[in-house]
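Scroll down for the structure; my scribbles are underneath it.
Chains as they are written, first to last, in this note's numbering: chain A, 2 to 319; chain B, 71 to 223.
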């Protein structure tokens, strides 16, 4: 059993895939960070009666005292530390340390914002992903660390490691659990009555009005189409595990899921771009770049089948 | 990094199992926001039907003892609609008077202990088969009576 477990999680995987995901994750988190100052400043000005800290915030504040509420000045310091650590993580200087600091400081700021009664679903997977990246060799290539270590092998490489695959698989399975939770909650709370067309029409109208989305309001006119979209959504969420169990199905699940989140963004204005960015864990970047490099060199179509087999990596295996 | 594989394997395996087990539990039990970043993904879960009133763009009022109404908006909460929603709109719409305590204290202080209720009125829009149905008579979709601490008995 342990052998099977180790073979699955620690099968050698390309460094390049892992490091490319690091860059995408950090850029996405930096983008979120730019809008975060407005949020924490607003929350910091609220009265103490609104302060209802979540567990992570309580633990991160523990060195200063249980239940302590941080000052705006301290939050500003954490914000600037996050910015610096984020840039260092992006360029890959002291990658693991800077990623760890970036993850912790972002976690601190987000958990502060969520300590006043509401929360959103976008950032959690990104924070978990950055934590996993911080514990892995995610600065092995595409980083200043790599340039300093081995200048010739700092860019594109086919080099693999048994520690380069687990963070991507972990996030992949995390996605499965997120979708299963969404599926389960609709079936349990909404029952089989949930996919009736009117449910999604209601949310399209409500959120269309809330965020000024003309596209959402326009789509709400088509009852049958919306009904089909509801069935499709629960089917997608309930079966996403297939993308991890049978990696070839990613050709379906990944583009479809990406478009689903894009559609939700455009019609319901529910920001899931962190999820869309983290779909990067499903893409075999080494194979993609080999193809691109092959095209660039004009050799892709002229290679023999056996030659092609060595240059185009297969989809990552579960 | 992470040299000495068996120990590294075990440490990483522990992280993997902890994260996935916690997320599975949170996702199915519904642990709320307190476990963030391990949270349930209960999104757009409640079913709706033809004729359901749209509860967006609602108007929120404090009702005073002489029957006058005073409009409440997010400006009272540093411009944060989410806080207005959690502190006033949701407790009124879902009839949870206990969650109105802070808002009651705040508005009682502002209006010299004359607040006797909060009410939420919808914008007069419902969901129909062919999209939104406009122009309906606005309805009170929630009203909760409150009592200021300093109010006359």
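Each residue gets a CB set at the ideal place from its N, CA and C atoms; glycine is no exception.
These figures come from a predicted structure and were not determined experimentally.
Quiz item: Any residues in the region 172 to 193 of chain A with a beta carbon nearer than 8 Å to a beta carbon of chain B? Which ones, in chain order?
Solution: The residues in question are 174, 175, 178, 179, 180, 181, 182, 183, 185, 186, 187, 190, 191, 192.
Exercise. List the whole-angstrom C-beta distance separating residue 97/B from residue 110/B, where the pair is believed to meet the contact cut-off of C-beta under 8 Å.
Key: In the second chain, residue 97/B corresponds to position 27, counting from 1. In the second chain, residue 110/B corresponds to position 40, counting from 1. The Cβ separation is near 5 Å, so the contact holds.
Exercise. Below 8 Å on the Cβ atoms is my guess for residue 73/A versus residue 42/A; work out the distance and round it to an integer in Å.
Key: If you number the first chain from 1, residue 73/A lands on position 72. If you number the first chain from 1, residue 42/A lands on position 41. Rounded, the Cβ-Cβ distance is 7 Å, consistent with contact.
Exercise. Please list, in chain order, all residues of the same chain as residue 102/A whose beta carbon is under 7 Å from its beta carbon, the five residues on each side excluded.
Key: Residue mapping note: residue 102/A aligns to position 101 of the first chain, counting from 1. The residues are 82, 86.
Quiz item: Is residue 18/A helix, strand or coil by DSSP?
Solution: Counted from its first residue, the first chain places residue 18/A at position 17. Here residue 18/A sits in helix by DSSP.
Practice problem: Quick one: which unbroken alpha helix (DSSP H) runs of 4-plus residues sit fully inside the region 191 to 254 of chain A? Chain order, please. | Solution: With a minimum length of 4 residues, the continuous alpha helix (DSSP H) runs that stay inside the region 191 to 254 of chain A are 199 to 212, 215 to 220, 224 to 240, 243 to 246.
Self-check item: Residues, ordered as in the chain, of the region 87 to 114 of chain B that lie near chain A by beta-carbon distance below 8 Å
Solution: 89, 90, 93, 94, 96, 97, 98, 100, 103, 104, 105, 106, 107, 108, 109, 110, 111, 112, 113, 114
Quiz item: Given a threshold of 16 other Cβ atoms within 10 Å of its Cβ, counted over all protein chains shown, does residue 153/A qualify as buried or as exposed?
Solution: Taking the first chain and counting its residues from 1, the one referred to as residue 153/A is at position 152. Around the beta carbon of residue 153/A, a 10 Å sphere encloses fewer than 16 other beta carbons of the protein chains shown; the residue is thus reported as exposed.
Quiz item: Between the C-alpha atoms of residue 116/B and residue 195/A, what's the straight-line distance to the nearest angstrom?
Solution: By one-based count along the second chain, residue 116/B stands at place 46. By one-based count along the first chain, residue 195/A stands at place 194. Between the alpha carbons of residue 116/B and residue 195/A lies a gap of roughly 7 Å.
Self-check item: Selection from 175/B, 200/B, 168/B, 153/B that minimises the alpha carbon distance to residue 45/A
Solution: Counted from its first residue, the first chain places residue 45/A at position 44. Among 175/B, 200/B, 168/B, 153/B, the Cα nearest to that of residue 45/A belongs to 153/B.
Exercise. Name, in chain order, the residues that DSSP records as bridge partners for residue 131/B.
Key: For this step, residue 131/B is matched to residue 61 along the second chain. Residue 131/B is bridged to 141/B, 189/B.
Quiz prompt | Sheet register partners of residue 56/A (DSSP bridge) | solution = Here residue 56/A refers to the residue found at position 55 of the first chain. Partner(s): none; residue 56/A has no beta bridge.
Quiz item: Helix, strand or coil for residue 202/B per DSSP?
Solution: Working through the second chain from its first residue, we reach residue 202/B at position 132. It is a strand residue.
Exercise. Tell me whether residue 162/A sits in a helix, a strand or coil according to DSSP, three-state version.
Key: The count along the first chain starts at 1 and reaches residue 162/A at position 161. Here residue 162/A carries a strand assignment [DSSP, helix/strand/coil].
Quiz item: Counting pairs of Cβ atoms below 8 Å between the region 111 to 121 of chain A and the region 53 to 71 of chain A, do you hit three or more?
Solution: yes
Practice problem: Could you give the DSSP three-state label for residue 207/B: helix, strand or coil? | Solution: Numbered from 1 along the second chain, position 137 holds the residue referred to as residue 207/B. Coil at residue 207/B, not helix or strand.
Quiz item: Can you name, in chain order, every residue of its own chain whose Cβ lies under 7 Å from the Cβ of residue 93/B, other than the five neighbours on each side?
Solution: On the second chain, residue 93/B is found 23 positions in, with the first residue counted as 1. Its chain contains 108 as the residues whose beta carbon lies nearer than 7 Å to that of residue 93/B, once the 5 sequence neighbours on both sides are disregarded; these appear in chain order.
Quiz item: Around the Cβ of residue 50/A, are there at least 16 other Cβ atoms within 10 angstroms (buried) or fewer (exposed)?
Solution: In the first chain, the residue the question calls residue 50/A occupies position 49. With fewer than 16 Cβ atoms within 10 Å of its Cβ, residue 50/A is classed as exposed.
Practice problem: Closer than 8 Å, Cβ to Cβ, to anything on chain B: give me those residues from the region 46 to 78 of chain A, in chain order. | Solution: 46, 47, 48, 50, 51, 55, 56, 57
Quiz item: What number of angstroms, rounded off, separates the C-alpha of residue 67/A from the C-alpha of residue 122/B?
Solution: Counting from 1 along the first chain, the entry for residue 67/A is found at position 66. Counting from 1 along the second chain, the entry for residue 122/B is found at position 52. Cα to Cα, residue 67/A sits roughly 45 Å from residue 122/B.
Quiz item: What does residue 221/A reach in chain B if we use C-beta pairs closer than 7 Å?
Solution: The residue labelled residue 221/A in the question sits at position 220 within the first chain. For a Cβ distance threshold of 7 Å, residue set 201, 202 of chain B lies close to residue 221/A, ordered along the chain.
Exercise. Could you pull out every residue in the same chain whose Cβ sits closer than 6 Å to the Cβ of residue 228/A, ignoring the five residues on either side in sequence?
Key: What you label residue 228/A is simply residue 227 of the first chain in a count that begins at 1. Only 198 meet the Cβ criterion.
Self-check item: Alpha-carbon to alpha-carbon, residue 223/A and residue 207/A
Solution: Against the first chain, residue 207/A aligns to sequence position 206. Against the first chain, residue 223/A aligns to sequence position 222. Distance between the alpha carbons of residue 207/A and residue 223/A is about 15 Å.
Practice problem: Please confirm whether residue 128/B and residue 211/B have their CB atoms less than 9 Å apart. | Solution: As a first step, residue 128/B must be located in the second chain, where it is residue number 58. As a first step, residue 211/B must be located in the second chain, where it is residue number 141. Against a cut-off of 9 Å, the Cβ pair of residue 211/B and residue 128/B comes out as a contact.
Exercise. Classify residue 260/A as buried or exposed, calling it buried when 16 or more other Cβ atoms lie within 10 Å of its own Cβ.
Key: Your numbering for residue 260/A matches position 259 in the first chain. Flag for residue 260/A reads exposed.
Self-check item: Per-residue burial, residue 208/B [other beta carbons within 10 Å of its own, 16 or more giving buried]
Solution: Along the second chain, read from residue 1 onward, the residue named residue 208/B stands at position 138. Residue 208/B comes out exposed.
Exercise. With a floor of 4 residues, list each alpha helix (DSSP H) that falls wholly inside the region 72 to 111 of chain A, ordered by position along the chain.
Key: Taking only runs of at least 4 residues, the alpha helix (DSSP H) segments lying wholly in the region 72 to 111 of chain A are 73 to 92.
Exercise. Give the single residue among 65/A, 252/A, 293/A, 201/A whose Cα lies nearest to the Cα of residue 280/A.
Key: Walking along the first chain from the start, residue 280/A turns up at place 279. The shortest Cα separation from residue 280/A among 65/A, 252/A, 293/A, 201/A belongs to 252/A.
Exercise. Report the option in 174/B, 95/B, 118/B whose CA atom is closest to the CA atom of residue 221/B.
Key: Counting from one through the second chain, the residue named residue 221/B turns up at place 151. Of the listed residues, the one whose Cα sits closest to residue 221/B is 174/B.
Practice problem: Could you check what DSSP says for residue 119/A in three-state terms: helix, strand or coil? | Solution: Against the first chain, residue 119/A aligns to sequence position 118. Residue 119/A falls in the coil class under three-state DSSP.
Quiz item: Quick one: does the C-beta of residue 199/A sit closer than 8 Å to a heavy atom of the ligand ADP?
Solution: You won't find the ligand ADP in this model; it holds no ligand whatsoever.
Quiz item: Which residue's Cα is closest to the Cα of residue 110/A: 179/A, 76/A, 126/A, 137/A?
Solution: For the purposes of this step, residue 110/A is identified with residue 109 of the first chain, where counting begins at 1. Among 179/A, 76/A, 126/A, 137/A, the Cα nearest to that of residue 110/A is on 76/A.
Quiz item: For residue 125/A, which three-state DSSP category applies?
Solution: Stepping through the first chain from its first residue, residue 125/A is reached at position 124. If DSSP states are grouped into helix, strand and coil, residue 125/A belongs with the helices.
Exercise. Indicate whether the contact test is met: 3 or more Cβ pairs, each with one atom in the region 18 to 35 of chain A and one in the region 175 to 191 of chain A, closer than 8 Å.
Key: no
Quiz item: Would you say residue 210/A faces chain B, with C-beta separation under 9 Å as the test?
Solution: On the first chain, position 209 is the one that residue 210/A refers to. Output row for residue 210/A: interface = yes.
Exercise. Check distances from the C-beta atoms of the region 260 to 290 of chain A to those of chain B and list, in chain order, the residues that come in under 7 Å.
Key: none
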